[in-house]
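*Asks:* Each number in the working numbering comes from the position in the sequence shown (counting from 1) with 186 added on.
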Amino acid sequence: MKKSILTLAAFSIISLAFAQTPEERGLEIAKAAELADEGFGSSSVELKMILKNKNGQTSERTMTTRTLELTEDGDKSLIAFGSPKDVKGTATLTYTHKVGSDDQWLYLPSIKRVKRISSNNKSGPFVGSEFAYEDLSSQEVEKYTYKFLEAKGNLLLVEQDPVDPKSGYTRRIVTYNKDKGYRIEKVEFYDRKNALLKTLTYSDYKLYKNKFWRAATFNMVNHQSNKETLLKFSDYDFEVAFSEDDFSQVALQRAGR
Numbered sequence: 187m188k189k190s191i192l193t194l195a196a197f198s199i200i201s202l203a204f205a206q207t208p209e210e211r212g213l214e215i216a217k218a219a220e221l222a223d224e225g226f227g228s229s230s231v232e233l234k235m236i237l238k239n240k241n242g243q244t245s246e247r248t249m250t251t252r253t254l255e256l257t258e259d260g261d262k263s264l265i266a267f268g269s270p271k272d273v274k275g276t277a278t279l280t281y282t283h284k285v286g287s288d289d290q291w292l293y294l295p296s297i298k299r300v301k302r303i304s305s306n307n308k309s310g311p312f313v314g315s316e317f318a319y320e321d322l323s324s325q326e327v328e329k330y331t332y333k334f335l336e337a338k339g340n341l342l343l344v345e346q347d348p349v350d351p352k353s354g355y356t357r358r359i360v361t362y363n364k365d366k367g368y369r370i371e372k373v374e375f376y377d378r379k380n381a382l383l384k385t386l387t388y389s390d391y392k393l394y395k396n397k398f399w400r401a402a403t404f405n406m407v408n409h410q411s412n413k414e415t416l417l418k419f420s421d422y423d424f425e426v427a428f429s430e431d432d433f434s435q436v437a438l439q440r441a442g443r
């Protein structure tokens with residue numbers, strides 16, 4: 187009898203595992219990715235942005251990104267451009283929210299003013315790049331609904347549909363690496379007509395503090411305009427003691443000077 191009970195229990199567990207819906211598994215993967223990256227606190231990193239037009243001509247920019255991790259709501263980030271002259275001092279502040287539209291502001295040194303970015307404009311290009319303003323937000327589980335698509339070895343493909351009706355995307359297909367802390371390897375973005383718009387590829391990963399995977403290279407390719415934007419990250423620092431005061435509109439103006 188004991189053997190029968192154990193066999194029945196094992197069968198029940200296996201049945202439950204296989205009974206998991208694609209939506210449940212997709213959400214489970216997204217939560218695992220979020221959990222794997224929790225606890226970094228704050229960070230700063232230097233970046234080089236390389237813009238490439240459809241003719242293959244390139245231009246370069248430098249910038250610094252600061253991030254403050256928050257658990258009760260989404261993260262806060264501040265991006266400030268250092269060069270070239272035409273964008274130097276331009277800075278963007280993002281408050282990601284788990285529920286509802288994110289708050290974003292843009293500081294323009296030419297007019298010495300902070301402008302709020304309307305939620306209707308979140309799909310617009312970030313300072314002429316192939317990244318949209320909404321791409322600057324942190325990856326919060328609550329911002330999407332999920333559907334597991336397939337497994338390719340250690341790679342898991344999950345469809346994510348934005349909850350925000352003002353998103354510029356109908357869906358994203360995200361590729362997670364389950365053997366490397368569920369880090370993201372690739373994101374495909376589909377526009378409002380459900381046509382493939384962009385592909386973002388992450389590469390040159392490095393492990394920090396024995397836990398946090400960070401890619402040194404982001405490559406965003408726009409399949410409709412044949413333009414692309416390459417981001418090169420260097421000098422990650424997780425020891426900066428940022429506070430919420432470092433992510434205020436006053437701090438945004440100060441970063442742009």
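Glycine included, every Cβ here is placed at the ideal spot set by N, Cα and C.
Please report how far the alpha carbon of F424 lies from the alpha carbon of T253, in whole angstroms.
*Replies:* Counting only the Cα atoms, T253 lies some 10 Å from F424.
*Asks:* If we ignore side chains and look at the alpha-carbon of each, how far apart do E371 and T276 end up?
*Replies:* 29 Å
*Asks:* Establish whether the CB of R369 and some CB of chain D are separated by less than 8 Å.
*Replies:* No chain D appears in the structure shown, which is made up of a single protein chain.
*Asks:* Can you list, in chain order, the residues of its chain whose CB lies under 8 Å from that of R378, leaving out five sequence neighbours each side?
*Replies:* G354, Y355 and T356
*Asks:* Who are the Cβ neighbours of A195 in its own chain at under 6 Å, not counting the five residues just before and after it?
*Replies:* Unreliable placement is indicated for A195, whose pLDDT of 48 sits below 50; the coordinate value is still reported in the next sentence. Same-chain partners within the cutoff: there are none.
*Asks:* For T207, does the count of other Cβ atoms within 10 angstroms reach 16, so buried, or fall short, so exposed?
*Replies:* exposed
*Asks:* What does the Cβ neighbour count give for N363, buried or exposed, with the cut at 16 atoms within 10 Å?
*Replies:* By the neighbour-count rule (16 or more Cβ atoms within 10 Å), N363 is buried.
*Asks:* Using the Cβ count rule (16 or more neighbours within 10 Å means buried), how would you classify I265?
*Replies:* buried
*Asks:* Can you give me the C-alpha to C-alpha distance between S429 and V407, rounded to a whole angstrom?
*Replies:* 34 Å
*Asks:* Alpha carbon to alpha carbon, what distance is there between N241 and R369?
*Replies:* 33 Å
*Asks:* What does the Cβ neighbour count give for E210, buried or exposed, with the cut at 16 atoms within 10 Å?
*Replies:* exposed
*Asks:* Would you mind working out which of L237, R440 and A219 sits nearest E326, comparing C-alpha positions?
*Replies:* A219
*Asks:* What's the gap between the Cα of L237 and the Cα of V285?
*Replies:* 32 Å
*Asks:* Our contact map puts S305 next to S287 with C-beta atoms below 8 Å; I'd like the distance itself, whole angstroms only.
*Replies:* 4 Å
*Asks:* Alpha carbon to alpha carbon, what distance is there between K392 and R400?
*Replies:* Approximately 6 Å, taken between the alpha carbons.
*Asks:* With 16 as the cutoff for other CB atoms within 10 Å, does K262 come out buried or exposed?
*Replies:* buried
*Asks:* Give the single residue among L279, T387 and T244 whose Cα lies nearest to the Cα of S434.
*Replies:* Of the listed residues, the one whose Cα sits closest to S434 is L279.
*Asks:* Among the residues of its own chain, which have a CB less than 6 Å from the CB of G260, if the five just before and after it don't count?
*Replies:* T282, H283, K284, S324 and E326
*Asks:* For the beta strand (DSSP E) that contains Q290, what are its first and last residues?
*Replies:* D289 to L294
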